[in-house]
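Chains as they are written, first to last, in this note's numbering: chain P, -15 to 96; chain F, 539 to 650. The beta-carbon is built from N, C-alpha and C at its ideal position, and this holds for glycine as well. Reading through the structure tokens given below for one structure.
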């Protein structure tokens, strides 16, 4: 069966520090991968999505970046965090565009 | 950018009552999906309805889709306290885009 792992669960980082959130999927190949951010009490904002290794589409121009170094690994990064980067970050995967997406448990990031 | 907008933003009902949530979207879609999120957790897929379908059922869930009005509704019948959660609609845009766009969600509270 397929599983998605996202870590860490919580993270407190100072302003200006770097960020690396990792997401891996097991039990499938060539998944569509997504990074979302959710502000408190709000909906999900699509940040990045990827249909294959090295293929990253960015939805929101900001100081975040994403990479897909392996088929089932999706990394969200920042060189210098801002206070506004605080939020709940969710990774998701789907077998194909026309199917349901499966979400990780999320990372709650607080930038202080 | 937000594609879907849920209505109402919040809904409070008693156990046993039905809960209806609505979703409107702006552009052509391949499918529309409904997800549930318990507080502070990842999202769980509930049901997917394709653009050529008008109604779909899954247990106590009933989803309708009206592509002419660009709207969908989720009905939860005979609600239970355990149904308390936030519910989101998500649309997969047509035209070859692999973007799954979420609305702002409806917060449902079911009181015993």
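Extent of the continuous beta strand (DSSP E) run through residue i
i	result
residue 633 of chain F	First-last for residue 633 of chain F: undefined, no H or E at that position.
residue 53 of chain P	48 to 54
residue 36 of chain P	28 to 36
residue 22 of chain P	16 to 22
residue 590 of chain F	Premise fails: residue 590 of chain F is in no beta strand (DSSP E) and is neither H nor E.
residue 621 of chain F	Residue 621 of chain F -> no beta strand (DSSP E), and no H or E assigned at all.
residue -3 of chain P	-6 to -3
Min CB distance residue i to chain P below 8 Å
i	result
residue 641 of chain F	yes
residue 595 of chain F	no
residue 564 of chain F	no
residue 638 of chain F	yes
residue 569 of chain F	yes
residue 633 of chain F	no
residue 579 of chain F	yes
Cα-Cα separation between residue i and residue j, rounded to whole angstroms
i	j	result
residue 43 of chain P	residue 82 of chain P	19 Å
residue 84 of chain P	residue 618 of chain F	25 Å
residue -15 of chain P	residue 570 of chain F	25 Å
residue 24 of chain P	residue 73 of chain P	11 Å
residue 588 of chain F	residue 614 of chain F	19 Å
residue 66 of chain P	residue 606 of chain F	42 Å
residue 573 of chain F	residue 623 of chain F	10 Å
residue 7 of chain P	residue 585 of chain F	24 Å
residue 553 of chain F	residue 559 of chain F	16 Å
residue 60 of chain P	residue 627 of chain F	24 Å
residue 95 of chain P	residue 4 of chain P	13 Å
residue 38 of chain P	residue 577 of chain F	33 Å
is_contact[residue i, chain F] using C-beta, thresh 8 Å
i	result
residue 35 of chain P	yes
residue 38 of chain P	no
residue 11 of chain P	no
residue 97 of chain P	Summary: the structure shown does not reach residue 97 of chain P, with chain P confined to residues -15 through 96, and so no result is reported for it.
residue 84 of chain P	yes
residue 74 of chain P	yes
Integer Cβ distance of residue i from residue j, believed to fall under 8 Å
i	j	result
residue 632 of chain F	residue 567 of chain F	6 Å
Within 8 Å, do at least three Cβ pairs link the region 76 to 88 of chain P to the region 0 to 16 of chain P?
Inter-segment contact for the region 0 to 16 of chain P and the region 76 to 88 of chain P is present: three or more beta-carbon pairs are separated by less than 8 Å.
Count Cβ pairs between the region 591 to 607 of chain F and the region 547 to 555 of chain F that sit closer than 8 Å; are there 3 or more?
Output reads no: the region 547 to 555 of chain F does not touch the region 591 to 607 of chain F.
Taking contact to mean at least 3 C-beta pairs separated by less than 8 Å, is the region 19 to 35 of chain P in contact with the region 625 to 641 of chain F?
Yes, the region 19 to 35 of chain P touches the region 625 to 641 of chain F.
Taking one C-beta from the region 50 to 60 of chain P and one from the region -9 to -1 of chain P each time, how about it: are there three or more such pairs within less than 8 Å?
No, the region 50 to 60 of chain P does not touch the region -9 to -1 of chain P.
Inter-stretch contact (C-beta, 8 Å, three-pair minimum) for the region 31 to 40 of chain P and the region 84 to 94 of chain P:
No: fewer than three Cβ pairs fall under 8 Å.
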